[in-house]
Amino acid sequence: MSIFMGKRIVLGVTGGVAAYKAAELARLLGKAGANVHCVLTEAASRFVTPASFQALTGNPAWSDLWDVRMPNGMAHIDLTRGAAALVVAPASANSIAKYVHGMADDLLSTLVLARDCPLVVCPAMNRQMWENSATQRNVAQLRQDGALILGPAAGEQACGEVGMGRMLEPEQIVAGLEAFFTPKLLAGKRVLMTAGPTYEALDPVRGITNLSSGKMGYALARACANAGAEVTLVSGPVSLATPAGVRRIDVKSALEMRDAVLRHVAQAGIFIAVAAVADYRPANVSAHKLKKSGATGLTIAMEQNPDILSEVAALSSAPFCVGFAAESQNLDEYATTKRAKKGIPLIVGNLVQDGMGGDANRVVLYDDSGRHELPAGSKDAVAADIVVYLANLLGA
Ligand code: PMT
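Each number in this note's numbering comes from the position in the sequence shown (counting from 1) with 85 added on.
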């Protein structure tokens, strides 16, 4: 289930060109299950209209401190009561300065002062305004006062200048909030993971690989980091962004993956092998591009790759090992056999037709206590459920 489900989130929008992105943020939060209530400053209403936010969230949008729609006339108090967070995005330099000094001269700044929920601030401003020592002092003070600051990012700005000050993209803000809300079940744990396919070269331009996209492994790395773990991700070749807070080591072949894992395993308390590692590699890698020989076929001699998971599980000081098994049939039988053969406490089974390449998955967990089916869902949702199961197993 989404961490946002049923959460009341107050979204404050201040005056800045990034205000148009706040509409998408409101939509994404609502789509994730949050009950979103928007508050616009007078300046924000010059960029975007309350009507857009009302239409996107299904809730009235607010901007006037003297609005009497709240039955007791106390919108500046009531709006944040029961809220999981007050998120200000975009937060202008002026609004940040006001929050630092406890000024309350409009509905949003009054809500910030009167709130009884966490404050999340997503700055957006011109790069010089961001770099100005006054802003830097204010942001440091706001952070010290307990606010979570998400962003800003660097890049091209609406004014044409390039630098730090762009508001994070709505998806990044949602990811930041998700991390913030996730219970820290793996706090203090160091997790080493593998993800993605391996690529076994035949010659400088060709090789043997598989259809793993890396999405399941990356979702699990994100879920572990969201749960407070320190995550090192050894990744085969994929085209995915590194999850926030995750240390990523890129490799290509199974041998490179093994080397990277063995270099980092001593520091890990948990090892999760999600990668689809090639069991075999070409015995001879040609230094030059192979040429058509005129013969009708080509025979490639293969040799076996080391089994990284089995090797880690056999270490005298082995971390808690979690394997994955992707099968096209007989999941229970094959996954159980793999768990026993590799000598690991937990294996996550999935059918390739359910989980490989796509954004969703359906998994079954096998351990000493038997077979445990998790609800099917997005890979992020499945990963979050795996983390909860793992944390319970570890007695967290
Ligand atoms: O990447 P996606 O598109 O999101 O797809 C996800 C996935 C289907 C690839 C993933 O969920 C999954 O099931 N990964 C394991 C793939 C697999 O079946 O591996 P295996 O049966 O070859 O190996 C079993 C376990 O041993 C795995 O944990 C694997 O990482 C590990 N292994 C295997 C061979 C090897 N040489 N070294 C290993 O460490």
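The beta-carbon is built from N, C-alpha and C at its ideal position, and this holds for glycine as well.
Item                                                                                                                                                                               : Value
Do three or more CB pairs link the region 277-285 to the region 415-435 at distances below 8 Å?                                                                                    : no
With burial defined as no fewer than 16 other Cβ atoms inside 10 Å of the residue's Cβ, what is the status of W147: buried or exposed?                                             : buried
Might you give, ordered along the chain, the residues of its own chain that have their beta carbon closer than 7 Å to the beta carbon of L342, omitting 5 neighbours on each side? : In the sequence under discussion, the amino acid at residue 342 is Met, which differs from the Leu named in the question. Contacts found: T279, T283, V319, G321, V336, A360, V362, I393.
What is the residue span of the beta strand (DSSP E) that Y451 lies within?                                                                                                        : 448-452
Less than 6 Å between C-beta atoms, sequence neighbours within five positions excluded: which residues of the same chain meet that for A314?                                       : L271, K274, V276
DSSP state of F138, grouped into three classes?                                                                                                                                    : helix
What ranges does the alpha helix (DSSP H) occupy inside the region 376-439, keeping only unbroken runs of at least 4 residues that lie completely in it?                           : 393-398, 416-427
If you drop the 5 nearest sequence neighbours on each side, which residues of the same chain put their C-beta closer than 6 Å to that of E458?                                     : V449
In the DSSP output, what is G321 paired with across the bridge?                                                                                                                    : The partner list for G321 (beta bridge, DSSP) is empty, contrary to what the question assumes.
Could you give the distance in angstroms between the alpha-carbon of W215 and the alpha-carbon of G97?                                                                             : 19 Å
For the region 169-195, list the beta strand (DSSP E) runs that are entirely contained and at least 3 residues long, ordered along the chain.                                      : 170-176
Let's test the definition: count the other Cβ atoms within 10 Å of the Cβ of M86 and tell me whether it reaches 16, buried, or not, exposed.                                       : exposed
Just checking L113 against the ligand PMT - is the residue's beta carbon closer than 7 Å to any of the ligand's heavy atoms?                                                       : no
Determine the direct distance from the alpha carbon of A108 to that of H514, and round the result to whole angstroms.                                                              : The question about residue 514 has no answer here: the residues shown for the chain are numbered 86 through 481.
Could you check the C-alpha separation between A425 and S218 for me, to the nearest Å?                                                                                             : 60 Å
Identify the continuous alpha helix (DSSP H) that holds Y284 and give its terminal residues.                                                                                       : That residue, Y284, is in no alpha helix (DSSP H); it is neither H nor E in DSSP.
Figure out for me which residue from K376, M387, Q352 has the closest Cα to the Cα of N369.                                                                                        : M387
Kindly list the residues whose CB is nearer than 8 Å to the CB of S402, restricted to its own chain and excluding five residues on each side of it in sequence; keep chain order.  : A351
In angstroms, rounded to a whole number, what distance separates the CA positions of V510 and L125?                                                                                : Lying before the first or after the last residue shown, residue 510 is absent from the chain, which here runs from 86 to 481.
Examine the ligand PMT and report whether any of its heavy atoms sits within less than 7 Å of the Cβ of F409.                                                                      : yes
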